[in-house]
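Everything below concerns the one structure shown next.
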Amino acid sequence: MQEIELKFQIPTEALATLSADIERLPGHDRERLQAHYFDTPDRLLGQARSALRLRKEGERWVQTLKASGANTMIRLEDNQAASAPADGQAARVDLGLHRGTPAEAALVRHLAWDPGQDPRGDGTGLVELYRTDIWRHSARLAVGQGTPHAGVVELALDIGHIHAGHLSVPVRELEIELVQGHPAAVLESARDWVTAHALWLDTQTKAHRGDRLARQAEGKVPGHAPPQAGTPPLDLATALDAFTAAMSEVASSPDARVDQVDDWLLAAHRLALLNQTRPGSLPERLQPGIEALVHEIETAASPARLARATPSTLLCLDLFATLL
1037 MQEIELKFQI PTEALATLSA DIERLPGHDR ERLQAHYFDT PDRLLGQARS
1087 ALRLRKEGER WVQTLKASGA NTMIRLEDNQ AASAPADGQA ARVDLGLHRG
1137 TPAEAALVRH LAWDPGQDPR GDGTGLVELY RTDIWRHSAR LAVGQGTPHA
1187 GVVELALDIG HIHAGHLSVP VRELEIELVQ GHPAAVLESA RDWVTAHALW
1237 LDTQTKAHRG DRLARQAEGK VPGHAPPQAG TPPLDLATAL DAFTAAMSEV
1287 ASSPDARVDQ VDDWLLAAHR LALLNQTRPG SLPERLQPGI EALVHEIETA
1337 ASPARLARAT PSTLLCLDLF ATLL
């Protein structure tokens, strides 16, 4: 299954108003989501940009494998009904639930899993690394009705915490996911909510944040992956993925490190040069905005504030639209 969604962080001062706006929508629902996330100690799934979780959704238990898709808006997802952990027993995953699905091949590839010899995957070395406890407020919204880009999106306001060992971090984010119709409906809805509540784009998943927290709980300092040297990326999707990932890192760090800002600046430069290396990749109308942002990153007194600024996120949404 393919999901098309974007996630946004919420300023503290906007949370009450945004929450009230969602609660006023028809069909508003509230549900507690408690998830356990698994990986090997050396993070084989994380290295493959995948995440495996077992989650209690109300009274149901669901096991999910998520993996990256063709671009930042797209994730691949396989959901399977699961059994609740036995009383007093720790949560465990059963890889056999994904037999016969595209997720099976991914698990075999990433974990060297042998379904024939190890039906549940007990020998893969998977352990629980972190967990989440979230209250989700959700509602569905029709967007762009009567236009070629009409669709229905689900707004999901997640409030809670990620826990790893003795550490925890708060979760306060809005996800906008396509339920049916044209993917542009996600972008159209996002523009409205970003503008109304000063949200900023965040491409870091809960799994990304949870893994970082787990490493801190283990006494490990999360490493910094240096940007690749050489020529700019060959396509817009790759360039935009790098740009939004770097921007999200800076936005999540009030005192962003020099290396984080440098990564964002390099990704912005590469995006600005994309039409030179691959003519026609970007609409000309977006070029001035990208070049202006490069200059702003170079001179910003507070890079984190710039990464959280509404114009920065709106520019990303315009860039995403060119991928559709």
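This note's numbering puts the sequence shown at residues 1037 to 1360. Quick reminder that beta carbons are idealized off the backbone N, C-alpha and C, glycines included. Keep in mind it's a predicted model, so treat the numbers as computed, not measured.
Nearest candidate by alpha-carbon position, reference residue i, set the options
i, options, result
"Ala1056", "Gln1070, Ala1192, Ala1328 and Glu1093", "Ala1192"
"Asp997", "Val1129, Val1188 and Ala1308", "In the structure displayed, the chain extends from 1037 to 1360; residue 997 sits before or after that span and is not available."
"Arg1344", "Thr1048, Asp1114 and Leu1249", "Thr1048"
"Ala1050", "Ala1232, Ala1126 and Leu1069", "Ala1232"
"Ala1221", "Ala1186, His1199 and Gln1252", "Ala1186"
"Leu1235", "Asp1247, Ala1287 and Arg1251", "Ala1287"
"Leu1133", "Gln1070, Gln1116 and Asp1123", "Gln1116"
"Leu1351", "Gly1136, Glu1254 and Arg1227", "Arg1227"
"Arg1025", "Gln1083, Pro1319 and Glu1039", "This structure leaves residue 1025 out entirely; the chain is present only between 1037 and 1360."
"Ala1361", "Ser1289, Ile1326 and Thr1358", "The requested residue 1361 does not occur in the structure, where the chain is confined to residues 1037 to 1360."
"Ala1071", "Arg1091, Thr1053 and Gly1063", "Arg1091"
"Ala1308", "Gln1296, Val1294, Ser1284 and Ile1333", "Ile1333"
"Asp1065", "Ala1303, Gly1157 and Arg1172", "Arg1172"
"Ala1127", "Thr1160, Trp1097, Arg1060 and Gly1325", "Trp1097"
"Asp1114", "Thr1241, Ile1195, Glu1039 and Asp1298", "Glu1039"
"Leu1069", "His1331, Ser1174 and Arg1111", "Ser1174"
"Ile1326", "Ser1225, Leu1276 and Arg1135", "Leu1276"
"Gln1312", "Leu1272, Phe1279, Ser1086 and Glu1285", "Leu1272"
"Ala1087", "Leu1147, Gly1094 and Pro1347", "Leu1147"
"Ala1243", "Gln1216, Leu1223, Gly1217 and His1199", "His1199"
"Asp1298", "Pro1315, Arg1314, Ala1278 and Leu1310", "Ala1278"
"Leu1301", "Asp1158, Ala1336 and Glu1320", "Ala1336"
"Gly1094", "Gly1105, Ala1120, Arg1321 and Asp1354", "Ala1120"
"Trp1229", "Ala1250, His1197 and Val1189", "Val1189"
"Glu1361", "Glu1059, Met1283 and Phe1356", "Because residue 1361 is not part of the residues shown, which for the chain are 1037 to 1360, the question remains open."
"Arg1089", "Arg1176, Gly1159, Thr1239 and Gly1246", "Gly1246"
"Gln1216", "Ala1250, Gln1181, Thr1239 and Leu1237", "Gln1181"
Three-way DSSP call (helix, strand, coil) for residue i in this model
i, result
"Thr1313", "helix"
"Arg1085", "coil"
"Val1129", "coil"
"Leu1235", "coil"
"Asp1075", "strand"
"Glu1140", "helix"
"Trp1384", "For the chain, the structure presents residues 1037 to 1360; residue 1384 sits outside this window and is missing."
"Asp1298", "helix"
"Thr1168", "strand"
"Ala1056", "helix"
"Arg1341", "helix"
"Asp1154", "coil"
"Pro1121", "coil"
"Leu1318", "coil"
"Ser1288", "coil"
"Thr1346", "helix"
"Arg1245", "helix"
"Asp1354", "helix"
"Ile1361", "Nothing about residue 1361 can be reported from this structure: the residues present for the chain run from 1037 to 1360 only."
"Gln1323", "helix"
"Ala1221", "helix"
"His1185", "coil"
"Asp1271", "coil"
"Met1109", "coil"
"Ala1304", "helix"
"Leu1360", "coil"
Those residues which DSSP pairs with residue i across a bridge
i, result
"Ser1204", "His1199"
"Glu1041", "Glu1213"
"Gln1252", "Partner(s): none; Gln1252 has no beta bridge."
"Leu1191", "Ala1175 and Ile1212"
"Asp1114", "Leu1101"
"Lys1092", "Gln1070 and Trp1097"
"Asp1065", "Ser1174"
"Val1163", "Asp1075"
Any non-hydrogen atom of the ligand NAP closer than 8 Å to residue i Cβ
i, result
"Leu1359", "As presented, the structure is devoid of all ligands, the ligand NAP included, so that no description of it is given."
Subject >> Sufficient close CB pairs (3 or more, under 8 Å) joining the stretch 1135-1149 to the stretch 1101-1110 >> reply: Remark: three or more beta-carbon pairs, one from each stretch, lie closer than 8 Å, so the stretch 1135-1149 and the stretch 1101-1110 are flagged as touching.
**OP:** State whether the stretch 1165-1177 contacts the stretch 1194-1205, with contact taken as three or more CB pairs (one from each stretch) at a distance under 8 Å.
**Re:** yes
**OP:** Assess, as a yes-or-no matter, whether the stretch 1038-1046 is touched by the stretch 1207-1215 under the definition of 3 or more beta carbon pairs within less than 8 Å.
**Re:** yes
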